[in-house]
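Participant:
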Amino acid sequence: MEKLLEINDIYTSFNTHVGEVQAVRGVTIDLYKGEAIGIVGESGSGKSITMMTVMRLLDSNGVIKKGEVLFDGKDLTKLSEKEMENIRGNEIGMIFQDPMTSLNPVITIGDQLSEPLIRHKSMSKSEARKKVIEMLNLVGIPSPEKRIKQYPYEFSGGMRQRVMIAMALICEPKLLIADEPTTALDVTIQAQILELMKELKQKLNMSIILITHDLGVVADVCSRINVMYGGVVVESGTSRDIFYNANHPYTWGLLRSIPNPKLEVKERLKPIEGTPPDLLAPPKGCPFAERCEYAMKVCFEGRAENYKINEGHYSSCWLNHPYALEIMQDIKRSVG
Ligand code: SF4
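Numbering-wise, full-length UniProt numbering puts 215 at position 215 of the sequence shown, and it's gapless, one number per residue.
As structure tokens, then:
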């Protein structure tokens, strides 16, 4: 399979009045054509900032300090703003968490969806209208001819999210980035939206990056999963690796916090105690050490390099790391 996106060792920081927030620290993720992958982690893990780095949509105090983002062979970190404008919405579509804040409340749905077609695809107004109706049909909005004249407030939450998906897909992008696309929706609508994304991926042969804090959401859609914590990828592998053979204690914590409706005796969900690290002064050791019930001395001394568990499955944890003993001996020697 051919790679569509390669995020190589990206570092992104924000300069604030209290210092540099090192939000993303050496993230490497790749994505193949036609593949769906998930990026999972709590708020502040760096997952959305990694994608904002890809899209070059960082706030004005954000800086890409190092690394490259190869999309279809082009390094997006090196493109001009004008070149990026042509990629956003056209080659890469993005769905944001809250459709109400992403849709313009004073412009009709039809006009909002036509705009990228007129701009990127040089379509006439009537061609764009036809395409918008087709796309609204595809995402399951009934009576699209009538709905295109309406404003966002006239749509329910689920329908607005479908409009957002239609907007992200209208130019038939090669890549769809969906950032918590179902968080604001109830479980039934959430299931419908995820099913719709799966269907559209097949129909349009598109690649998808699904960003979420909920491992349960990616289970059915994504073939591979990257788990992020404290600005780094702590574990990556196929969905099967992550769900049935997870290696990193943070991934275990995320798995324990998914409700299991099949259990006969209901168990309380176990939250991960503690708070994420302060990225103004990230720890030199494992970012999860302060919250990890297995933390050892070595975990506070240095971060474990990613190591291979099996083909395509990597983790950065000292628990089963092949060099853990050697490193501990080095630490002991240096302490005397
Ligand atoms: Fe826990 Fe240590 Fe593994 Fe980090 S490296 S997850 S602290 S055992």
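Backbone N, C-alpha and C fix where the C-beta goes; we use that ideal spot for every residue, glycine too.
Going by the beta-carbon positions, is the gap between residue 300 and residue 234 smaller than 8 Å?
Facilitator: Numbered from 1 along the sequence shown, position 300 holds the residue referred to as residue 300. Numbered from 1 along the sequence shown, position 234 holds the residue referred to as residue 234. Not in contact: residue 300 and residue 234 (Cβ atoms no closer than 8 Å).
Participant: For residue 174, count neighbouring Cβ atoms within 10 angstroms of its own Cβ and tell me buried if that reaches 16, exposed if not.
Facilitator: Start at 1 with the first residue of the sequence shown, and residue 174 comes out as number 174. So residue 174 counts as buried.
Participant: Listed in chain order, which residues are found with a beta carbon closer than 5 Å to a heavy atom of the ligand SF4?
Facilitator: That query returns the following residues: 249, 286, 288, 289, 292, 294, 295, 299, 317, 318, 319.
Participant: Out of 87, 144, 98, state which residue places its alpha-carbon closest to the alpha-carbon of residue 113.
Facilitator: As a working note, residue 113 is residue 113 in the sequence shown. Ranking 87, 144, 98 by Cα distance to residue 113 puts 144 first.
Participant: Quick check on DSSP: helix, strand or coil for residue 167?
Facilitator: Locating residue 167 in the sequence shown gives position 167, where the first residue counts as 1. If DSSP states are grouped into helix, strand and coil, residue 167 belongs with the helices.
Participant: Hey, quick one: how far does the alpha helix (DSSP H) through residue 199 stretch, first residue to last?
Facilitator: Stepping through the sequence shown from its first residue, residue 199 is reached at position 199. Residues 187 to 204.
Participant: Among the candidates 254, 169, 305, whose CA atom is the shortest distance from the CA of residue 292?
Facilitator: Sequence index remark: in the sequence shown, residue 292 carries index 292 (1-based). Looking at the Cα atoms, 254 is the closest of the given residues.
Participant: As a quick exercise: from 213, 33, 17, pick the residue whose alpha carbon is nearest that of residue 2.
Facilitator: Position 2 of the sequence shown, counted from the first residue, corresponds to residue 2. It is 33.
Participant: Within 10 Å of its beta-carbon, does residue 161 have 16 or more other beta-carbons around it, so buried, or fewer, so exposed?
Facilitator: For the purposes of this step, residue 161 is identified with residue 161 of the sequence shown, where counting begins at 1. That one is buried.
Participant: Which residue spans inside the stretch 18 to 76 form an unbroken alpha helix (DSSP H) run of at least 4?
Facilitator: 47 to 55, all fully within the stretch 18 to 76.
Participant: Drop a sphere of 10 angstroms on the beta-carbon of residue 272, count the other beta-carbons inside from all chains shown, and report buried for 16 or more, exposed for fewer.
Facilitator: By 1-based counting over the sequence shown, the position of residue 272 is 272. So residue 272 counts as buried.
Participant: Going by C-alpha distance, which of 310, 313, 305 is nearest residue 321?
Facilitator: The count along the sequence shown starts at 1 and reaches residue 321 at position 321. Looking at the Cα atoms, 305 is the closest of the given residues.
Participant: What does the Cβ neighbour count give for residue 202, buried or exposed, with the cut at 16 atoms within 10 Å?
Facilitator: Stepping through the sequence shown from its first residue, residue 202 is reached at position 202. Residue 202 should be labelled exposed.
Participant: In three-state terms, what does DSSP make of residue 154?
Facilitator: As a working mapping, residue 154 is identified with position 154 in the sequence shown. In this structure, residue 154 counts as helix in the three-state DSSP scheme.
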